[in-house]
Amino acid sequence: MNAANLSLQLLTGLQIGAIYVMIALGLTLIFGTLGVANFAHGALFMIGAYLGYVVAEATNHWVAFIAVPPAVFLVGIVIERTLVRFFYNRPASDQILVTFGLALVLQELMRWIFGGTNLPYGTPPWATVPVDIGIGYYPPWRLVIVGVTAAAVLGLFLLLRYTRFGLVVRAGMRDPEMLGFLGIDVPKRFTLVFGLGALFAGIAGVIGGPITGVTPDIGMAVLVPSFLVVVIGGMGSLAGAVISGLILGEAVSLSVLIYPPSTQIIVYLIAAVVLLWRPRGLLGVKGVME
Amino acid sequence: MITPFGARSRYREFWIMSGVAAVLAALPWLLTLIGGYTELATPILLWGMFALGFDILLGFTGLLSFGHAAFWGLGGYASGMILLRVSNDLLLAVAAGTVVGGAASALLGYLTLRRRGIYFSILTLAFAEMFYYAALAPLQDWTGGDNGLTGIPAAQLFGIAMKGWPIYAVIAAATFAGIYVARRIARSPYGLILRAIKANETRVASTGIHTRHYKFAAFVISGLYAGLAGALSAAYQTYVPTDALHWTTSGQLVMMAVIGGTGTLFGPMLGAGIVLYLQNVLSATIPQWLLVQGLIFMAFVVFLPGGVVEAGRRLARALSRGRKRQPPVPDAASVKGVGSVHAD
Chain A
1 MNAANLSLQL
11 LTGLQIGAIY
21 VMIALGLTLI
31 FGTLGVANFA
41 HGALFMIGAY
51 LGYVVAEATN
61 HWVAFIAVPP
71 AVFLVGIVIE
81 RTLVRFFYNR
91 PASDQILVTF
101 GLALVLQELM
111 RWIFGGTNLP
121 YGTPPWATVP
131 VDIGIGYYPP
141 WRLVIVGVTA
151 AAVLGLFLLL
161 RYTRFGLVVR
171 AGMRDPEMLG
181 FLGIDVPKRF
191 TLVFGLGALF
201 AGIAGVIGGP
211 ITGVTPDIGM
221 AVLVPSFLVV
231 VIGGMGSLAG
241 AVISGLILGE
251 AVSLSVLIYP
261 PSTQIIVYLI
271 AAVVLLWRPR
281 GLLGVKGVME
Chain B
1001 MITPFGARSR
1011 YREFWIMSGV
1021 AAVLAALPWL
1031 LTLIGGYTEL
1041 ATPILLWGMF
1051 ALGFDILLGF
1061 TGLLSFGHAA
1071 FWGLGGYASG
1081 MILLRVSNDL
1091 LLAVAAGTVV
1101 GGAASALLGY
1111 LTLRRRGIYF
1121 SILTLAFAEM
1131 FYYAALAPLQ
1141 DWTGGDNGLT
1151 GIPAAQLFGI
1161 AMKGWPIYAV
1171 IAAATFAGIY
1181 VARRIARSPY
1191 GLILRAIKAN
1201 ETRVASTGIH
1211 TRHYKFAAFV
1221 ISGLYAGLAG
1231 ALSAAYQTYV
1241 PTDALHWTTS
1251 GQLVMMAVIG
1261 GTGTLFGPML
1271 GAGIVLYLQN
1281 VLSATIPQWL
1291 LVQGLIFMAF
1301 VVFLPGGVVE
1311 AGRRLARALS
1321 RGRKRQPPVP
1331 DAASVKGVGS
1341 VHAD
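Respectively, the protein sequence lines represent chains A and B.
Per this note's numbering: the first sequence = residues 1 to 290.
Per this note's numbering: the second sequence = residues 1001 to 1344.
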């Protein structure tokens, strides 16, 4: 193993982490403001991947990248309006149960429509052939994933930091009740936040689908490590989600070099260590969302 | 208010357990009457036992675990490996499976009970997946990887080959014992504290009770039940699929418990029976059975979180109201927070 190989592997880790970050940010946004642990979030990723495949087959990849995320945003809005909003005042366990049921239903719906096999959702032709990036040849699609994720994270940061909507969302993560007292239409903001989380899952699905594969099971397979990202980062901390997502991505990628069979379990070992050492997560604050 | 669970006369308990014995003996025959088949009785009892232990955790303590596939699956693998490599004695295999299930739940409980509420559910789901992936790749020389653990020889108990009716008798006896023990736990002061934790953990803690120890014990008890049921399942099927460790197994368990009605002990067992019966009868006509089951489950969560048991209670109340023409006094067990699924 030489330095070039190692840097390529680190780059792959960045790409794996990017997908985790996208899902985890949506989970944290939704949990932070709405207080709902959305077990159907992986299903939104899966829908993004399936829609991406369908649209790319019918037209081309560019149309898919532009059309699918807003479509998943709408799916999120519909889910929030027709199902999740009735659970804001129900116990947390009921919220988990209903979103888990929804995840299962969406997964089986896709299995019914498309079958259980992996659909051939390829990368666009221009991103298929590895290019020389100075340290070796690398598939450009993975670079696209890292770039898009970086842009999305930056966009989210700007949205939350510099807009009125962002101010309201951040206030909602601190104290949703107070927000209502101040005369802000909280339910409307809730719907938008859920949609925003879905949008991130949709982006991740449409760009990540060619890497992760397009099967009904992909939703849960992506959701579980993303949950760990959220817990490790500290629930409600967006920066924590980004940092821990990248740490887990690198850990998965580097474990391939050291001992390949450990790839699938390395994230759980890290999560166990963090839980024992810092139960609140890396950037979790005492008393916030516990 | 929380009253001791079923704290009524000992006489009544004798009749209830007699009824349980009668149902266990008649179940294979009862199933043929409603379009099922006799062999279906065995998986119903196995999943029923699994769900029974789970109810001590979810229904009584209010902890929603999405990781019980780990204990069921590890119990199965342990039992299968004993039968395959050590001895074909059923008692040894089942004891090993139960101990392994309990030990795994102690490990997971130690980790996951550091956090509460949704974190607990998330963490149990995640750490149980760790065992699934561990069985799939790093340990595949032991577990058979993707193929699962195959070629398990038929177990023996006191020289009797454990298949068909003999193993049904053994599983029915284990279920009977499991129900008896679970009811004893539910009636004990310990069971009372579990239900108090479900109702208001902070308040229980403020009376000087170390709630995490109680929750840990409830978690391990449910893990022992899962290990026992999984171990018997491996001996019965002579096969352990990798799916035994997959999250779908945990999901099935949760759905069975909720559809039946949590916090009632018999409810989750009933749920296991209903789900397996419908699955076997309907999956021939409905290829997408899991989709339908998911919709049924969601409908219960949205409209009737108390499950079939709650539906039965409401029906009985409505009927008695129609007869007496006077508002009934709700009995203690149906007051919210005792028999219902609500947990925070």
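Quick reminder that beta carbons are idealized off the backbone N, C-alpha and C, glycines included.
If the cut is a Cβ gap below 7 Å, which residues of chain B does A:A271 touch? A1126
Could you have a look at A:L275 and say whether DSSP puts it in helix, strand or coil? helix
Looking only at its chain, what residues have a beta carbon closer than 7 Å to the beta carbon of B:E1129, apart from the 5 residues adjacent to it on each side? W1247
Using 10 angstroms around the beta-carbon of B:V1308, count the other beta-carbons present and answer buried if the total reaches 16, otherwise exposed. buried
Work out the CA separation of A:G42 and B:P1189 for me, nearest whole Å. 41 Å
Looking at the C-beta of B:A1169, does it have a partner C-beta in chain A at a distance below 7 Å? no
Beta-carbon neighbours of B:F1297, restricted to chain A and to distances below 7 Å: G101
Could you spell out the range, first to last residue, of the alpha helix (DSSP H) harbouring A:N5? 3-34
Under three-state DSSP, which class holds B:Q1279? helix
Collapsed DSSP secondary structure at A:D132 in the structure displayed: strand
Residues within the region 1254-1269 of chain B neighbouring chain A, beta-carbon criterion of under 9 Å: V1254, M1255, V1258
Min CB distance A:Q15 to chain B below 7 Å: no
Can at least three beta-carbon pairs, one atom from the region 1034-1047 of chain B and one from the region 1196-1205 of chain B, be found at a separation below 8 Å? no
Chain B within 7 Å of A:A37, Cβ atoms only: yes
Exposure of A:A4, with buried meaning 16 or more beta-carbon neighbours within 10 Å: exposed
A:L109 to B:L1276, Cα distance in whole Å? 21 Å
Name, please, each residue of chain B whose Cβ falls closer than 8 Å to the Cβ of A:V262. Strictly speaking, residue 262 of chain A in this sequence is Ser, with Val absent from that position. Going along chain B in sequence order, the residues near A:S262 (Cβ under 8 Å) are P1138.
Going along the chain, which residues of its own chain have a beta-carbon closer than 7 Å to the beta-carbon of B:V1395, five neighbours each way excluded? The structure shown has nothing for residue 1395 of chain B, since chain B only spans 1001 to 1344.
According to DSSP, what are the bridge partners of B:Q1156? B:D1089, B:A1161
With a cut-off of 8 Å on the beta carbons, I'd call A:M22 and A:T149 a contact; round off their distance for me. 6 Å
In the DSSP output, what is A:Y138 paired with across the bridge? A:V131
By a C-beta neighbour count over all protein chains shown, 10 Å radius and 16 as the cutoff for buried, is B:S1320 buried or exposed? exposed
Would B:L1111 and A:A92 be called neighbours here (beta carbons separated by less than 7 Å)? no
Residue interval of the alpha helix (DSSP H) (run including B:Y1239): Run containing B:Y1239: none; DSSP gives neither H nor E here.
Tell me, to the nearest whole angstrom, how far the beta carbon of A:A71 is from that of A:L102; I am working on the premise that it is less than 8 Å. Between A:L102 and A:A71 the Cβ distance is about 17 Å, and since that is not below 8 Å, they are no contact.
What's the C-alpha gap between B:V1170 and B:A1069? 23 Å
Anyone know if the C-beta pair for A:F45 and A:G219 falls short of 7 Å? yes
Touching by the beta-carbon criterion (3+ pairs, under 8 Å), the region 1235-1245 of chain B and the region 1147-1166 of chain B: yes
Option in B:P1241, B:S1222, B:F1297, B:L1228 with minimal Cα separation from B:L1345: Chain B is shown only over 1001 to 1344; residue 1345 of chain B falls outside these bounds and no answer can be derived.
Could you check what DSSP says for B:L1291 in three-state terms: helix, strand or coil? helix
Would you call B:E1039 buried or exposed, if buried means 16 or more other Cβ atoms sit within 10 Å of its Cβ? exposed
Below 7 Å CB to CB, which residues in the same chain sit around A:V267 once its five sequence neighbours on both sides are set aside? P225, L228, L248, A251, V252
Three-state secondary structure (DSSP) at B:L1064? coil
Enumerated in chain order, which unbroken segments of the beta strand (DSSP E) with a length of 3 residues or greater are wholly contained in the region 1192-1247 of chain B? none
Can you tell me where the alpha helix (DSSP H) holding B:E1039 begins and where it ends? B:E1039 -> no alpha helix (DSSP H), and no H or E assigned at all.
Given a cut-off of 7 Å on the beta-carbon distance, is the pair A:G48 and A:G205 in contact? yes
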